[in-house]
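Undergrad: Read in order, the letters of the sequence shown are residues 29 to 304 in my numbering.
The C-beta atom is built at its ideal place from N, Cα and C for all residues, glycine as well.
These figures come from a predicted structure and were not determined experimentally.
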Amino acid sequence: MISALIIVFREVIEAGLIVGIVLAATTGVPHRSRAVALGVGAGIAGACLVAAFAGELANLFQGSGQEFFNASILLLAVAMLTWHNVWMASHGRQMARELKAAGHQVRTGERTLTALGIVVGVAVLREGSEVVLFLYGIAAQGGTTATAMVAGGALGLAAGAAVSALMYLGLLTIPAGKLFQVTSGLITLLAAGMAAQAVIFLQNGGWLEFFTSTVWDTSWLIKDDSVAGRLLHTLVGYSEAPNGAQLLAYGATIALILMLMRLVNTQSSTPKPGHA
Numbered sequence: 029m030i031s032a033l034i035i036v037f038r039e040v041i042e043a044g045l046i047v048g049i050v051l052a053a054t055t056g057v058p059h060r061s062r063a064v065a066l067g068v069g070a071g072i073a074g075a076c077l078v079a080a081f082a083g084e085l086a087n088l089f090q091g092s093g094q095e096f097f098n099a100s101i102l103l104l105a106v107a108m109l110t111w112h113n114v115w116m117a118s119h120g121r122q123m124a125r126e127l128k129a130a131g132h133q134v135r136t137g138e139r140t141l142t143a144l145g146i147v148v149g150v151a152v153l154r155e156g157s158e159v160v161l162f163l164y165g166i167a168a169q170g171g172t173t174a175t176a177m178v179a180g181g182a183l184g185l186a187a188g189a190a191v192s193a194l195m196y197l198g199l200l201t202i203p204a205g206k207l208f209q210v211t212s213g214l215i216t217l218l219a220a221g222m223a224a225q226a227v228i229f230l231q232n233g234g235w236l237e238f239f240t241s242t243v244w245d246t247s248w249l250i251k252d253d254s255v256a257g258r259l260l261h262t263l264v265g266y267s268e269a270p271n272g273a274q275l276l277a278y279g280a281t282i283a284l285i286l287m288l289m290r291l292v293n294t295q296s297s298t299p300k301p302g303h304a
């Protein structure tokens with residue numbers, strides 16, 4: 029029971045924090061709940077398929093299919109998060125103004141819902157498939173009953189959802205004008221962390237073999253598998269012992285997103301001919 033509770037709790041936190049940030053980033057946008065719900069549903073369905081065909085997936089690409097698949101969905105999420113931040117760089121001010129208007133009729137954000145819906149789906153897919161595989165492993169080892177596993181999983185789900193809800197409610201206390209800045213910063217760090225994690229999967233699969241030496245080790249302070257470590261891993265991409273390639277991917281992702289946001293923001297604020 030305890031094992032199931034811990035596994036479900038930590039995986040729900042990781043997916044739930046991302047869902048909370050996405051909901052906060054789309055505050056006031058029509059149909060955002062539907063987009064997020066579709067993402068969650070697609071992620072759960074995908075997680076069940078991944079778990080069901082885990083063996084076949086692992087045998088692809090000379091035995092590194094699982095690593096390649098994980099890296100691919102993470103890089104897809106990075107692309108979608110980058111798209112959202114770049115789009116917000118040119119529309120955020122307008123959305124903030126409309127949020128303050130009567131009725132909160134924000135319509136310009138609908139275009140970014142698809143991208144963030146995909147991110148939610150990827151997050152649920154990742155964590156959901158891990159939950160299924162981990163729980164299957166616990167059941168295969170024996171020593172626990174199905175009732176105990178269900179009870180532990182339910183408690184872990186409730187606890188993880190509560191922590192995620194607190195994160196979301198905390199973000200909502202931020203004034204609308206600053207909310208987009210905060211969520212853009214969080215999304216940038218999310219994307220950087222996912223890019224660094226994708227590098228690890230590619231290295232494990234033998235696709236990348238450079239800068240593999242550990243740069244530092246902070247396991248004495250915060251371990252990866254601790255609750256604090258999991259939270260920091262989700263929010264800012266924390267790793268207790270990152271290697272050079274991870275740090276390179278992390279820094280490059282942040283630099284690319286900031287550069288594209290600055291470029292788009294500059295273009296959107298430049299007066300067009302005839303409108304000066």
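#1: Below 8 Å between beta carbons: does that hold for L51 and R60?
#2: In this structure, how does DSSP classify T242 when only helix, strand and coil are distinguished?
#3: When you compare only the Cα positions, how much space is there between R135 and W244?
#4: Thinking just about the alpha-carbon of each residue, which of T216, K251 and V160 is nearest to the one in G74?
#5: Taking its Cβ as the centre, do 16 or more other Cβ atoms sit within 10 Å of F97, making it buried, or is it exposed?
#6: Starting from the C-beta of A70, find all residues in its chain whose C-beta is less than 6 Å away, skip the five residues before and the five after it, and write them out in chain order.
#7: Would you give the residue range spanned by the alpha helix (DSSP H) that L267 belongs to?
#8: Which value, in whole angstroms, describes the spacing of the CA atoms of T211 and V36?
#9: Among residues of its own chain, excluding the 5 on either side of L33, which ones have a beta-carbon nearer than 6 Å to its beta-carbon?
#10: With three or more C-beta pairs closer than 8 Å as the rule, is the stretch 190-210 touching the stretch 271-286?
#11: Tell me which residue opens and which closes the alpha helix (DSSP H) that S61 is part of.
#12: Any idea if T55 is buried or exposed, counting beta-carbon neighbours within 10 angstroms, 16 or more meaning buried?
#13: Expressed to the nearest angstrom, what Euclidean distance is found between the alpha-carbon atoms of I30 and A190?
#14: What residue range does the alpha helix (DSSP H) around S31 cover?
TA: Short version:
#1: yes
#2: strand
#3: Because R135 carries a pLDDT of 47, less than 50, the predicted location of this residue cannot be relied on, and no value is offered for it.
#4: V160
#5: buried
#6: G149
#7: A small fix is needed here, since residue 267 is Ser in this sequence, not Leu. From DSSP, S267 is part of no alpha helix (DSSP H); its letter is neither H nor E.
#8: 26 Å
#9: G180, L183 and G184
#10: no
#11: R60 to A80
#12: buried
#13: 18 Å
#14: I30 to A53
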